[in-house]
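Have a look at the structure below before the remarks.
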Amino acid sequence: AETTTLNPNFFQFLDLEYKYQHFGKPPNLSHCYAIFVSKKKKRKLESLRSEPLNMAEGLVLKGTMRAHTDMVTAIATPIDNSDIIVTASRDKSIILWKLTKDDKSYGVAQRRLTGHSHFVEDVVLSSDGQFALSGSWDGELRLWDLATGVSTRRFVGHTKDVLSVAFSVDNRQIVSASRDRTIKLWNTLGECKYTISEGDGHKEWISCVRFSPNTNVPTIVSASWDHTVKVWNLQNCKLKNSLVGHTGYLNTVAVSPDGSLCASGGKDGVILLWDLAEGKKLYSLEAGSIIHSLCFSPNRYWLCAATENSIKIWDLESKSVVEDLKVDLKAEAEKADGGVGTGNQKKVIYCTSLNWSADGSTLFSGYTDGVVRVWGIGRY
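Going by the UniProt record's numbering, the letters in the sequence shown line up with residues 1 to 380, in that order.
What follows is the structure in structure tokens.
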């Protein structure tokens, strides 16, 4: 194996088959995203390992945030770690939350953004935290000014439900995915610049689309109900790789913080990890039930999955489950029903959306009961 010279903004290791790059800002290498370790030569890169948890520490429930009246479909967190988050819901609204970090409540609904006429399926934030972008079953995307709560732009062009939206790293491009089986690339003026549809496009609903954060290799990654993940060259919207291996429809795909890996999951209950540069499957993780959302930790070599049974967190170096987060669903159902034993008490509550705070200390999780549950790293 060979190692290139480190500089303040870039470092790179090569080991046998896989090249794993990280674009970060040392000097604190213990906070860097860990290097992928080849099966053939498992090297312990001590200075680049995941930030360890103290044996007496773990993720504990810090509080619950209640304002939505239906399933929380997406959670967006700011990259500057400021005390806000934005959530989307099937109650047709988007909520801007102010994080108070008080016991139990943790945050208060500061502003409710309304305008979509159907379920809001996805929401993301611009890098400056000033704007939110949403996609809805009404077939539209909307851009929101968070300072005023006003929808400043509508993006019209999809013929069916919009299931996923994303901003490019520089906020100059927007991508959306839909049940109409197309991926659309937009500018911020609401003009569709390109549509990926026939030919190499997906053959079924496209459930999730994301930009790679690696700006040196401009890439879009999409997941579909046709069981495939597709990797697209952003510069010409041509297919780079079609990643095949799942046996059921896909709900989600997540790209690692450095853009070298992606993880996909859905109906078959298996997470597949892929090398984006090579277009190869690396390995699989058994989640045990349908996967609704995936996200990578920004500062630990962790992958989190929202499943119908729990939130599972894997350490990707050891491929072991380090956390299996569950809530007292019976107590929550009774709370929702005011303690009355009605049929609603049997309603299944599970996690449908996930996102980390930028510093990796807090995991926000949205559930089918409309509650955002906040997990923090702390002492048991």
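Ideal Cβ placement from N, Cα and C applies to all residues, glycine included. Owing to the predicted nature of the structure, the values given are computational and were not obtained by experimental measurement.
- Contiguous beta strand (DSSP E) elements confined to the region 146-198 occur at 150-156, 162-167, 173-178, 183-187 and 192-196, taking only those with 3 or more residues.
- Rounded to whole angstroms, the separation of the alpha carbons of SER105 and CYS262 is 33 Å.
- Looking from the CA of ALA306, the closest CA among LYS238, GLY201, VAL72 and ILE377 belongs to VAL72.
- Here ALA331 carries a helix assignment [DSSP, helix/strand/coil].
- Closest by C-alpha distance to ASP83, out of LEU272, GLU286, ASP102 and THR195, is ASP102.
- Secondary structure at GLY107: strand, using DSSP grouped into helix, strand and coil.
- Rounded to whole angstroms, the separation of the alpha carbons of TYR283 and THR228 is 16 Å.
- DSSP places TRP356 within a strand segment (E or B) once states are collapsed to three.
- One alpha carbon belongs to SER353, the other to ASN236, and they sit about 31 Å apart.
- The beta carbons of VAL321 and ARG373 sit about 19 Å from each other, so the pair does not count as a contact at 8 Å.
- Annotated three-state conformation of SER212 is coil, per DSSP.
- Using a 10 angstroms sphere on the CB of GLY266, the tally of other CB atoms reaches 16 or more, which defines it as buried.
- Counting C-beta atoms within 10 angstroms of its own C-beta, ASP138 has 16 or more neighbours from the protein chains shown and is therefore classed as buried.
- Sequence-distant Cβ neighbours of THR69 in its own chain, meaning closer than 8 Å and more than five residues away, are SER89, ASP91 and GLY370.
- C-alpha of LEU141 to C-alpha of VAL175: approximately 10 Å in a straight line.
- When the alpha-carbon of GLY135 is set against those of PRO257, VAL209 and ASN233, the nearest one is in VAL209.
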